[in-house]
Amino acid sequence: MTTQMDHIEIGLLVTRFFRAMDERAFQPGWARDYLTDDARMVAPVGVFEGAEAVRGTEEALKRFARTQHMASDLLTDVDAGSDTARASWNALMVHIHHEGDDPLFTVGGRYEAELRRTGEGWRFSRMAVEAVWTTGRPPVLTPA
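And the structure:
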C-alpha cells in the first residue's frame, strides 16, 4: 500500500531524474541522487548495471543535441513492511539530432521501475523503458 507521501516522493524522483537528463547535469556523483549503487537500466540502446547505468544514460543522451522527457500517469505500489516499491509511468521523450534535415525523433514510451528507500530517500534500483511508438529519424545504434 502506497502512502500519499511515498507517491509524492517517488513522483518527485521521476521528475528530478528526467530534468537532470534534459539539463545534462552530469557532475561526478550526480546519479547518487537517483540510483542505487547496484542499479540496472534497460533501454533500447542497451542494458547497463551499477556504475555503467550512469555511463549508459549519459552516452545515450550525448547522441542528441537536446532532449525533453515528460512523465505522466504515475502509478506507485510500496511493499508493506519493506523499503521497496514499484512504479510505472508513461513518457513522452523528444530528441533533437545534432545535425540533419530531419532533426526530430520522438518516442512515446512506458517506464517500469523498482525502487528502494535509502537513508537519503527513494532511489531507482531497476528501471526499464519500452518504446510504444516512435516518429522521426531514430539514432544510429552501433552493434555491441
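Here the sequence shown is numbered in our numbering, starting from 582 and rising by one per residue.
Built from N, CA and C at the ideal position, the CB exists for glycine as well.
- Query: Helix, strand or coil: how does DSSP classify Val607 here?
  - Reply: It should be noted that the sequence gives Phe, not Val, for residue 607. If DSSP states are grouped into helix, strand and coil, Phe607 belongs with coil.
- Among Arg667, Phe686, Glu604, which one has its Cα closest to the Cα of Leu696? Arg667
- Could you say which of Gly592, Glu633, Thr596 lies nearest to Gly610 if we only look at CA atoms? Glu633
- Query: How about Ala612 and Val635: are their beta carbons less than 8 angstroms apart?
  - Reply: yes
- Item | Cβ-Cβ distance between Thr715 and Val675 below 8 angstroms | no
- Task: Measuring alpha carbon to alpha carbon, tell me which of Glu630, Gly702, Val710 ends up nearest Leu673.
- Result: Val710
- Item | Residues near Arg704 by beta carbon distance below 7 angstroms, same chain, minus five either side | Tyr615, Leu616, Thr617, Leu696, Arg697, listed in sequence order.
- Task: Compare the C-alpha of Ala694 against each of Asp682, Gly717, Asp658 and name the closest.
- Result: Asp658
- Query: Along the chain, where does the beta strand (DSSP E) that runs through Ser706 open and close?
  - Reply: Unbroken beta strand (DSSP E) run through Ser706: 702-717.
- Task: Using only alpha-carbon positions, find the residue among Trp670, Asp664, Ala641, Ser706 that is nearest to Ile677.
- Result: Ala641
- Under a Cβ-count criterion, where at least 16 other Cβ atoms within 10 Å of its own Cβ denotes burial, should Met651 be classed as buried or exposed? exposed
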